[in-house]
Each structure stands twice: as C-alpha cells, then as structure tokens.
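Structure record follows, encoded as structure tokens.
Numbering (this note's numbering), first residue to last: 1 to 371.
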C-alpha cells in the first residue's frame, strides 16, 4: 500500500492541525501534501522532511496572508502529483478533498466541516463589525465565492469515502454534498493535559479568533454577569475583539503555549464555547484537564458535552442567555475524575485504530486498487 496524506495548510495551529498530526502518525512513512507549511507553527506536529508544499508557498508573506489566497487553492491542490500512490487520506475544511488521484486509487477524506464559504457566506466574508465597507466587500466578493462554491461541489464528488468528525458534520455533508459520511470523532491529546484545581475565579475561552466563533458574545455575557473571562487565541478578529473588551471583565491573552494552556484551563471555573461548533474539541480538552464546559446547545457540542456530567448548555445564541448560565454556574457539581474519564473515551489510539480500519475497508470494496 502506497499512502499519501493531504491537508489544507499547516501554517497555523488549531484543532484541525492537531487532529491531522494523529492522521500523520497513523502512516508515519507517508508524505504530506499541503498548500502552505510553517515549521515554526506546526514543525513539532509534522516533520518538515515529510512535507510537500504547493507553488503557493513561494508567494511572499503567504503564511501570514493565506486567507487572501482562497481563489488559488483549487488549482494548487489539483496540481499535486499523486501518481505514485494508491491510497490517499486527506484532512480538510475546504480544499484538500479536491486533489486529483490516480485511476483506481482510494481517497478517504476526513472532513472537519463543509466549506464555510458554501454554507455560512456572511461569516466567511464578513467580520465582527457590519460596516458599510464590510457590506460592500461582501457584495464584491460574491461572484468569486460563487465560483469557489461551484468548484467545492465538484470537488466533493471526488473522494471515494467521507469520514466526518461528528454526526453534525455528517448531516451537513449529506445536505450540501449529497454524500454519506461515516462518523469518527476527533481525538483529544490526553498527554497535553493534567487535572487542575479549578480554584481561580475566572472562565476561559480557547479559540481561533474568527467571527463565527462568537467570542464577542462571551465578552458581552461576562460583562453582564460580572465575571472574569480569559481568552487564549489569535486570529483575524483579534483587533476588533480587543477593542470590544477594553474596559470590561475580559482579558485577551493572545497566543498561549501548550504548557501554559494546560494551567489556564485547569485553573478555570469552566471553559466557554460561545458559538456553534462543527465538532467541539475544546470541551474534550477541558475535560482532560478536569474542567467542565459551558456551550451553546447546538452543533458538535451536543456530541462532546454531557449536560450535568461534563458541562452545561445555554439555549439562545445571545449574550443574555449565556450570562444567565454564568451567574448560576456551580463548578462543584462536576467531578474531575468523571471529566477525565469522558475525555479518555476520545483517545488518539482509538482514533488511529478506527481510521486505519476504515481506510483498509475502503480498499477492499469492488473497483478499488489492489495493495
């Protein structure tokens, strides 16, 4: 079996990249094809010797301005030469599913979400502030995004099989692509976390700072509830969020290294998941550190948070609903041992074993290439 791995880009560090690191560990000899790679961000996750980058990596400042390269990713992935491989395993939120594989090869695609420009255009193009300029940008970008959506639907027909990170995403794949997807929940890096005390009087958010994450909702809620909020993460919305948090009970910490992140989560009363997530890896990371999660009762959090055992939900997507839960929240209702046991059910070893079995089964179906 000659395996090649494909991931959208490896120039930032987030949940998708951490999950892909486990996919890469499942086939340690396989090369990794990706649009962009920054060893400073992900070199400890993926060995640089394994990485094959696209021509876009030669664009000046590509790693920093990678979102502006969206119109060029389709052709970049279609140009990867995978002719020497009979098994391709991709990991994607948008682009990697579109690679062209050799005739008879098997392509199993682990999909973190349907492309956001296909089902959440306003959040993909817009920002926190709905200004006249932002509205004009959205109108001007619409024809370009429509072309990307058309490509996205064609690309979604290419994989032999989809594997979704949640039932939530599997349903989205069915609705937007007309494809079935097997469900394999993301793993949590158990070794990165140890059980904390939860004794410091603050709530925490760990997130990329993107509009659809709705960190702004949590900032407003914390202010309404009169509680401290610590936000770890960076992203395009950081400037707007810092302005919004000025003079409030929220502190934006920027990038927090893994060791400090374990301490940040472990000492928090709870972690907050303020928006609808595709899967919801952060609640599992919180559980691994012995801390509960407060999440919006939607999306992937319904698969990673057990109400009353590993966290609580707020029902309406607004600051008032979240603030009410923050005011009444009692962390003493949750036991660290039960939380840790919940996280351990999503271990990397189980993930790798199941994914390898799915790929092996896909290769045995009629019409696929022999080993």
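Virtual Cβ for every residue (Gly too), placed ideally from N, Cα, C.
- Non-local beta-carbon contacts of residue 22 in its own chain, meaning distances under 7 Å to residues more than five positions away in sequence, involve 187, 348, 351, 352 in chain order.
- Taking residue 200 as the centre and dropping the five residues before and after it, the same chain places the C-beta of 267 closer than 6 Å to its C-beta, in chain order.
- For residue 182, the enclosing beta strand (DSSP E) has its first and last residue at 181–183.
- Residue pairing for residue 307: DSSP places it in a beta bridge opposite 311.
- Note that the C-beta distance between residue 2 and residue 92 is not below 8 Å.
- Taking a cut-off of 8 Å for Cβ pairs, the region 292–300 and the region 230–238 do not touch, as fewer than three such pairs fall below it.
- Per DSSP, the beta bridge partners of residue 106 are 87.
- A Cβ-Cβ contact shorter than 8 Å links residue 283 with residue 305.
- Going by beta carbons, residue 222 and residue 249 fall inside the 8 Å limit.
- Listed in chain order, the non-local C-beta contacts of residue 356 below 7 Å within the same chain comprise 26, local neighbours out to five positions each way being set aside.
- At a Cβ-Cβ threshold of 8 Å, residue 5 and residue 101 do not count as neighbours.
- Annotation: residue 79 to residue 73 spans about 10 Å, alpha carbon to alpha carbon.
- Beta-bridge analysis with DSSP links residue 254 to 232.
- Spatial neighbours of residue 322 in its own chain (CB-CB distance under 6 Å, excluding positions within 5 residues in sequence) are listed in chain order as 221, 314.
- In this structure residue 335 is exposed. Its beta-carbon is surrounded by fewer than 16 other beta-carbon atoms within 10 angstroms.
- The alpha helix (DSSP H) runs of length 4 or more contained entirely in the region 164–226 are, from start to end of the chain, 167–177, 215–225.
- Nearest C-alpha to residue 363 among 44, 95, 106, 84: 106.
- Here residue 37 carries a strand assignment [DSSP, helix/strand/coil].
- Per DSSP, residue 4 is one residue of the beta strand (DSSP E) stretching across 3–7.
- A straight-line Cα-Cα distance of about 14 Å links residue 202 and residue 332.
- Fully contained in the region 19–86 are the following alpha helix (DSSP H) runs of length 4 or more, in chain order: 39–42, 73–78.
- Every unbroken stretch of the beta strand (DSSP E) spanning 3 or more residues and falling wholly within the region 311–349 is given here in chain order: 311–314.
- Residue pairing by DSSP leaves residue 279 without any beta bridge partner.
- DSSP places residue 114 outside both helix and strand once states are collapsed to three, so it counts as coil.
- The bridge partners DSSP lists for residue 149 come to none.
- Look at residue 272 here: in three-state DSSP terms it is strand.
- At the C-beta level, residue 163 and residue 110 come within 8 Å of one another.
- Residue 69 holds the alpha-carbon nearest to the alpha-carbon of residue 95 among 46, 69, 103.
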